[in-house]
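*Asks:* According to mature numbering (1 follows the signal peptide of the UniProt record, and there is no 0), the residues represented by the sequence shown are -24 to -1, 1 to 164, in order.
The beta carbon of each residue, even a glycine, is placed where N, CA and C say it ideally should be.
Note that this is a predicted model, so its numbers are computed, not measured.
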Amino acid sequence: MMTKKKLVTGMMISLLLMFLLAISACSNNHNQNGSNHQTSENSHSHSSSSGVVPKNLKLAKNPKYKVGSQAIIQADHMKGMKGATATIVGAYNTTAYAVSYTPTTGGERVTNHKWVIQEEIKNAGNKTLAPGTKVTIEADHMKGMKGAKATIDSSKKTIVYMVDYTPTTGGEIVRNHKWLDESELSSK
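#1: Take every Cβ of the region 139 to 146, pair it with every Cβ of the region 59 to 69, and state whether three or more of those distances are shorter than 8 Å.
#2: Could you round the C-beta distance between Ile48 and Leu161 to whole angstroms and report it? I think they count as a contact, below 8 Å.
#3: Measure the CB-CB distance between Ala115 and Lys90 and report whether it falls below 8 Å.
#4: Have a look at Val86, Arg85, Lys55 and Thr112 and flag the residue whose alpha-carbon is nearest the alpha-carbon of Ile93.
#5: Give a yes or no on contact between the region 38 to 46 and the region 54 to 64, applying the rule of three or more CB pairs nearer than 8 Å.
#6: Are the CB atoms of Leu105 and Ile135 nearer to each other than 8 Å?
#7: Tell me the start and end of each unbroken beta strand (DSSP E) in the region 68 to 154 that is at least 3 residues and wholly inside, in chain order.
#8: Among Ser26, Thr78, Gly123 and Ser45, which has the Cα closest to the Cα of Ser163?
#9: When DSSP labels each residue in this structure, what does Ser162 get in the three-state scheme?
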């Protein structure tokens, strides 16, 4: 027959083990979700940014979509983006790059990420970088992006837009999304 002390000790050990198992399960799920980058752009989660832009980025003088106006997003960089109504927060002249990189947080390689701009690439200078060029990303649009080694997939001189939008899939408004190219927007 068990003594009361042994019974209490056994129950405490059981509770401690259940607690540790629960913590372990949460930790494993967090690690899987936190470092499992998909190769498809529209699998990335939405997040708002501070709206801070590189200090040497030039405002577009005559953008098709003026700051404060609305447009329809035609891009599907992220789930719930295509078809959403965007409010234009900023319009800038630059070179935009599609890049492939392995997140600094680990996980699968992200391919053809649109867009990282000239001013967000370490030591990019003023000349357009050729496809295949190896670079270091200074942007932090996504978890694990800042400091990542990347390869330029393609480039285009364009006006890029920073926008606010509510995903078509529901949820909170995404503020200061960086970046959409002019061809990825249409008039409302």
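*Replies:* Straight from the coordinates:
#1: yes
#2: 7 Å
#3: no
#4: Thr112
#5: yes
#6: no
#7: 86 to 93, 110 to 112 and 125 to 141
#8: Ser45
#9: strand
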